[in-house]
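Residue numbers (my numbering), protein chains in the order written: chain A, 67 to 217; chain B, 213 to 967. Every residue gets a Cβ at the ideal spot worked out from N, C-alpha and C, and that includes glycine. Since the structure is predicted, the reported quantities are computational estimates derived from the model, not experimental observations. Since the structure comes first, as structure tokens, the remarks are kept for the end.
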């Protein structure tokens with residue numbers, strides 16, 4: 067009984083260890099897939115950060131264009147959400163700057179716009195962004211896209 | 213026929229003229245029987261003989277020449293005189309008419325009619341002798357000073373006496389060439405019965421051998437000629453040259469010496485004679501003839517005469533030459549004169565032409581002057597001529613139209629004295645005058661103010677130019693035009709165009725404003741979309757998060773609060789959009805009731821009190837007593853107040869004070885009567901930078917970089933306040949200093965005034 071209990075305990079410990087190991091691995095893997103969320107609306111930043119963290123992605127935030135570029139230089143993300151209407155360099159300018167830099171042109175950039183007009187879509191494409199999402203959006207959809215993009 | 217032939221034969225045989233026919237060789241074929249009567253030959257004696265056998269040796273050459281020439285030409289006819297030998301040996305003079313009928317089939321011979329003229333000749337000789345006597349007599353009688361007529365008379369006489377002499381005379385008188393003359397003379401002399409040979413040598417001025425001619429001597433003469441050339445004259449000639457008598461004649465024969473012609477000369481009667489005319493010796497002539505008879509006085513005279521004739525002819529030729537030369541000179545002179553005359557005529561023509569031109573020019577000048585006078589008088593402009601001292605010399609009648617003076621009133625007066633020009637402009641005018649006179653510049657069209665005779669103002673336009681006399685400016689011509697009407701028109705036009713420009717500017721501004729409005733509208737829509745989507749995004753996101761993930765109670769509450777706040781914000785936004793849209797589009801029903809300012813302020817403070825308390829702020833209200841009432845929409849004015857107070861609360865740090873003042877705003881004109889009520893909302897917030905102050909009343913112009921700094925406004929509050937205040941006839945503004953706070957003030961017209 068004791069042995070059995072011990073076995074079971076050992077097994078449980080082992081299982082727990084494996085489980086922990088796989089979780090750690092996944093966390094390590096995720097930590098390589100960092101996402102930078104840039105928007106001047108703190109609520110938006112908060113909601114995106116929340117869901118991506120929940121899905122195991124490492125996130126960073128910036129509330130204006132200049133801060134976003136500084137954050138990219140500090141630690142290069144794999145994916146970037148970029149609001150357009152921001153003070154101190156708008157989204158187009160940030161996107162253009164990053165896409166024309168050989169070091170950062172491989173960052174996947176998703177533009178976020180609250181205007182949703184054709185003009186913005188064209189401008190977003192012209193600034194060589196990879197994708198364009200109009201507010202309001204579904205966080206689940208965002209997560210799905212992030213999974214697809216980052217594997 | 214026989215009868216008829218007999219008849220003709222008898223006619224021919226008894227005719228005074230004799231007939232001989234010859235064949236082409238001059239052989240006698242037929243001789244009329246009458247020949248025997250005249251020449252002593254029976255026809256038988258002559259038939260078959262050559263006709264020239266019986267012709268005198270001296271005439272043979274001439275006869276044969278004529279014959280051979282005549283037979284060449286069918287129907288050739290000629291007449292001549294020659295000597296024919298009688299059967300007894302004497303010579304008979306005959307006159308013949310030869311007719312070439314060789315080509316006439318019925319005749320085929322040369323037919324010669326001839327007639328014995330010996331008797332006639334003798335008779336002529338007799339006449340000549342007699343005439344010579346008369347001639348000698350006449351010669352003596354003739355005055356020595358009329359040598360020409362005398363000689364001519366002699367020649368005339370000689371013509372009658374001797375056919376040959378006549379011929380000489382005729383020929384030599386016509387002959388102009390001395391050489392030809394002497395040769396012709398020689399020929400003629402040789403043709404005479406008496407002299408068969410002759411030579412003539414001319415002497416030039418140095419008495420040297422000159423031209424030479426001869427006849428009858430043949431080759432013999434050439435030897436003599438060579439001798440003479442060397443100065444070895446034959447003896448006869450030497451003697452003749454040495455004779456001192458006016459006309460020297462040597463009768464040769466006896467002393468010919470070694471003369472090569474001795475043989476021919478000695479057997480004959482020969483003369484050497486000087487060819488002399490009035491002491492001028494032209495040459496020497498020598499004649500010799502058959503027979504040894506000593507020449508008689510008559511012959512001498514005849515010879516003398518012939519020599520004289522030849523000399524005279526030579527003299528004449530010389531004279532003629534001299535005359536000719538003179539004539540040439542005269543002609544040359546004449547031509548010179550002609551040339552001069554032409555030149556003079558040409559010069560004269562030129563002068564005439566010039567004179568005509570001058571006359572014409574003068575005429576033109578006069579016409580031109582008249583034309584200019586007419587132009588001057590009929591000109592539309594006033595033209596004034598002023599001399600150097602300023603006196604008006606001339607003025608056309610236009611002066612009356614412009615200045616009211618007649619030309620007579622101004623002419624002779626000094627320009628300055630007339631007081632035509634505004635005194636202000638006089639110095640400039642005088643300067644222009646002197647500049648024009650000095651040639652250092654004039655006046656183009658210049659507008660001047662001048663005075664009419666009646667004292668009214670006339671605007672004129674004048675141009676000044678110098679008038680030159682002898683190349684120097686001597687006076688001034690001013691052309692003046694009345695531009696009063698034009699000036700008035702111009703002023704009107706300027707005024708109108710100013711108005712138009714202003715209107716245009718207004719339109720331009722309106723257009724620009726419209727464009728701006730259009731752009732603003734686009735921006736507004738774009739901004740509205742942005743502003744609405746932002747809270748919606750938060751609501752949507754957090755709602756989904758709450759539905760998707762299991763969260764702890766606290767997180768759920770936090771997210772639900774966000775959803776709640778964002779919903780409120782969305783509601784405010786929608787309300788504000790509707791407000792401003794209604795106000796801007798005019799689709800709003802404004803209440804217009806009498807309102808008390810204190811009550812409005814109280815309502816507003818109550819509405820915002822909870823927010824202030826929450827932010828730990830104090831609201832201090834300070835009102836002046838007896839504030840005037842205002843008319844308006846209570847809710848809207850409260851909205852303005854609450855908006856301003858809310859802003860003040862939002863921008864003021866915790867523990868601060870919001871102060872509210874209300875006071876009447878008295879106008880400077882009427883102190884007694886307040887026209888507006890002014891309300892101030894003063895905060896101790898961070899203040900607004902001057903560059904932002906002008907924008908804050910525009911839509912969506914919140915100050916601040918991020919939403920973190922930003923209070924939960926919509927960015928439309930101040931724009932709505934502005935619309936409301938301005939709708940009530942008031943105004944709204946801000947005074948602020950960064951770091952110290954802002955004062956938002958607005959005015960409303962007081963109710964007393966609104967009455």
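Starting from residue 152 of chain A and walking both ways along the alpha helix (DSSP H), at which residues does that stretch end?
Within the first chain, numbered from 1, the residue matching residue 152 of chain A stands at position 86. In this chain, residue 152 of chain A is not harboured by any alpha helix (DSSP H), its DSSP state being neither H nor E.
Between the segment 680 to 691 of chain B and the segment 589 to 608 of chain B, do at least 3 Cβ pairs fall closer than 8 Å?
The segment 680 to 691 of chain B vs the segment 589 to 608 of chain B: in contact.
In chain order, each beta strand (DSSP E) run of at least 3 residues that lies wholly inside the segment 663 to 730 of chain B
669 to 681, 684 to 694, all fully within the segment 663 to 730 of chain B.
At what residues does the alpha helix (DSSP H) containing residue 849 of chain B begin and finish?
Translated into the one-based positions of the second chain, residue 849 of chain B becomes position 637. Here the alpha helix (DSSP H) through residue 849 of chain B covers 846 to 863.
Measuring from the CB of residue 949 of chain B, is there a heavy atom of the ligand GTP at a distance below 6 Å?
Annotation note on the ligand GTP: not contained in the displayed structure, which lists no ligands.
What does residue 756 of chain B reach in chain A if we use C-beta pairs closer than 7 Å?
Residue mapping note: residue 756 of chain B aligns to position 544 of the second chain, counting from 1. Within 7 Å Cβ-Cβ: 204, 205, 206.
Ignore the nearest five residues each way along the sequence and tell me which others in residue 215 of chain A's own chain have a CB closer than 7 Å to its CB.
Taking the first residue of the first chain as position 1, residue 215 of chain A is located at position 149. These residues qualify, in order along the chain: 145, 174.
Counting along the chain, where does the alpha helix (DSSP H) carrying residue 937 of chain B start and finish?
The residue labelled residue 937 of chain B in the question sits at position 725 within the second chain. Where residue 937 of chain B is concerned, the enclosing alpha helix (DSSP H) stretches over 929 to 939.
DSSP state of residue 596 of chain B, grouped into three classes?
The residue you call residue 596 of chain B lines up with position 384 of the second chain. DSSP places residue 596 of chain B in strand when its eight states are reduced to three.
Starting from residue 604 of chain B, follow its DSSP beta bridges and name the residues at the other end.
Translated into positions along the second chain, residue 604 of chain B becomes position 392. Answer by DSSP bridge pairing, in chain order: B/598.
Taking only beta-carbon positions, decide if residue 779 of chain B is within less than 7 Å of chain A.
Counting from 1 along the second chain, the entry for residue 779 of chain B is found at position 567. Against chain A, the CB of residue 779 of chain B has no partner CB under 7 Å away; the residue lies outside that interface.
Could you check if residue 749 of chain B is buried or exposed, using at least 16 other CB atoms within 10 Å of its CB as the buried criterion?
Indexing the second chain from 1 puts residue 749 of chain B at position 537. Around the beta-carbon of residue 749 of chain B, 16 or more other beta-carbon atoms lie within 10 Å, marking it buried.
Leaving out the 5 sequence neighbours to the left and right, which residues in its chain are closer than 6 Å to residue 212 of chain A when beta-carbon positions are compared?
The residue given as residue 212 of chain A occupies position 146 in the first chain. So the list is empty, once near-sequence residues are dropped.
Would you decide whether residue 426 of chain B is buried or exposed? Buried here means 16 or more other CB atoms lie within 10 Å of its CB.
Position 214 of the second chain, counted from the first residue, corresponds to residue 426 of chain B. Classified as buried, residue 426 of chain B has 16 or more neighbouring CB atoms from the shown chains inside 10 Å of its CB.
Could you confirm whether any beta carbon from chain B is found closer than 7 Å to the beta carbon of residue 119 of chain A?
Counted from its first residue, the first chain places residue 119 of chain A at position 53. It does not: the Cβ of residue 119 of chain A has no partner Cβ on chain B nearer than 7 Å.
Quick one: is residue 759 of chain B near chain A, going by C-beta distance under 7 Å?
Looking up residue 759 of chain B in the second chain gives position 547. It does not: the Cβ of residue 759 of chain B has no partner Cβ on chain A nearer than 7 Å.
By the three-class DSSP mapping on this structure, what secondary structure does residue 142 of chain A have?
Residue numbering aside, residue 142 of chain A sits at position 76 when the first chain is read from its first letter. DSSP places residue 142 of chain A outside both helix and strand once states are collapsed to three, so it counts as coil.
Just to confirm my understanding: we take residue 201 of chain A, look at its own chain, exclude 5 residues before and 5 after, and list those with CB closer than 7 Å. What are they?
In the first chain, residue 201 of chain A corresponds to position 135, counting from 1. Correct list, in chain order: 178, 179, 180.
Beta carbons nearer than 7 Å to chain B: which residues of the segment 168 to 180 of chain A have them?
Residues 180.
Could you tell me whether the segment 313 to 322 of chain B touches the segment 290 to 302 of chain B, using the rule of 3 or more Cβ pairs below 8 Å?
Contact between the segment 313 to 322 of chain B and the segment 290 to 302 of chain B is absent, because fewer than three Cβ pairs lie under 8 Å.
Could you say if the segment 818 to 836 of chain B and the segment 795 to 802 of chain B meet the contact criterion of at least three C-beta pairs nearer than 8 Å?
The segment 818 to 836 of chain B is not in contact with the segment 795 to 802 of chain B.
Element boundaries [alpha helix (DSSP H), containing residue 949 of chain B]:
As a working note, residue 949 of chain B is residue 737 in the second chain. Careful: residue 949 of chain B lies outside any alpha helix (DSSP H), inside the beta strand (DSSP E) at 944 to 949.
So which of B/403, B/408, B/421 has the shortest CA-CA distance to residue 391 of chain B?
Counting from one through the second chain, the residue named residue 391 of chain B turns up at place 179. For residue 391 of chain B, the closest of B/403, B/408, B/421 by C-alpha to C-alpha distance is B/421.
Per DSSP, what kind of secondary structure is residue 953 of chain B in: helix, strand or coil?
If you number the second chain from 1, residue 953 of chain B lands on position 741. Three-state DSSP puts residue 953 of chain B in a strand.
Beta carbon proximity, residue 102 of chain A to chain B, threshold 7 Å:
Stepping through the first chain from its first residue, residue 102 of chain A is reached at position 36. Chain B contact via Cβ: absent.
Between the beta-carbon of residue 934 of chain B and the beta-carbon of residue 909 of chain B, is there less than 7 Å?
Here the question's residue 934 of chain B lines up with position 722 in the second chain. Here the question's residue 909 of chain B lines up with position 697 in the second chain. Taking 7 Å as the Cβ cut-off, residue 934 of chain B and residue 909 of chain B qualify as a contacting pair.
CB-CB length for residue 499 of chain B against residue 414 of chain B, believed under 8 Å
Position 287 of the second chain, counted from the start, is the residue given in the question as residue 499 of chain B. Position 202 of the second chain, counted from the start, is the residue given in the question as residue 414 of chain B. Contact annotation, residue 499 of chain B with residue 414 of chain B: C-beta distance approximately 16 Å; criterion of less than 8 Å not satisfied.
Using the Cα positions of residue 487 of chain B and residue 523 of chain B, report the straight-line distance between them to the nearest angstrom.
Along the second chain, one-based indexing puts residue 487 of chain B at 275. Along the second chain, one-based indexing puts residue 523 of chain B at 311. Near 5 Å, if we compare the C-alpha coordinates of residue 523 of chain B and residue 487 of chain B.
Hey, would you say residue 157 of chain A sits closer than 7 Å to residue 164 of chain A, going by beta carbons?
For the purposes of this step, residue 157 of chain A is identified with residue 91 of the first chain, where counting begins at 1. For the purposes of this step, residue 164 of chain A is identified with residue 98 of the first chain, where counting begins at 1. Going by C-beta atoms, residue 157 of chain A is not nearer than 7 Å to residue 164 of chain A.
How far does the alpha helix (DSSP H) with residue 315 of chain B in it reach, from first residue to last?
For the purposes of this step, residue 315 of chain B is identified with residue 103 of the second chain, where counting begins at 1. That residue, residue 315 of chain B, is in no alpha helix (DSSP H); it is neither H nor E in DSSP.
Leaving aside the five residues before and after residue 311 of chain B along the sequence, list all residues of the same chain whose C-beta is less than 6 Å from its C-beta, in chain order.
On the second chain, residue 311 of chain B is found 99 positions in, with the first residue counted as 1. Result list for residue 311 of chain B: 289, 323, in chain order.
Closest Cα partner of residue 513 of chain B within the set B/343, B/706, B/579:
Locating residue 513 of chain B in the second chain gives position 301, counting from the first residue. Of the listed residues, the one whose Cα sits closest to residue 513 of chain B is B/343.
Determine, using beta carbons only, whether residue 731 of chain B comes closer than 7 Å to chain A.
Along the second chain, read from residue 1 onward, the residue named residue 731 of chain B stands at position 519. No, residue 731 of chain B lies away from the interface with chain A (no Cβ there is under 7 Å from its Cβ).
Give the C-beta separation of residue 291 of chain B and residue 234 of chain B to the nearest angstrom, bearing in mind that I take them to be a contact with Cβ-Cβ under 8 Å.
Walking along the second chain from the start, residue 291 of chain B turns up at place 79. Walking along the second chain from the start, residue 234 of chain B turns up at place 22. About 16 Å separates the two Cβ atoms, so there is no contact after all.
Provide the residue span of the alpha helix (DSSP H) that contains residue 638 of chain B, from first to last.
What you label residue 638 of chain B is simply residue 426 of the second chain in a count that begins at 1. Taken as a continuous stretch (DSSP letters only), the alpha helix (DSSP H) holding residue 638 of chain B covers 638 to 650.
Given a threshold of 16 other Cβ atoms within 10 Å of its Cβ, counted over all protein chains shown, does residue 432 of chain B qualify as buried or as exposed?
Locating residue 432 of chain B in the second chain gives position 220, where the first residue counts as 1. With 16 or more Cβ atoms within 10 Å of its Cβ, residue 432 of chain B is classed as buried.
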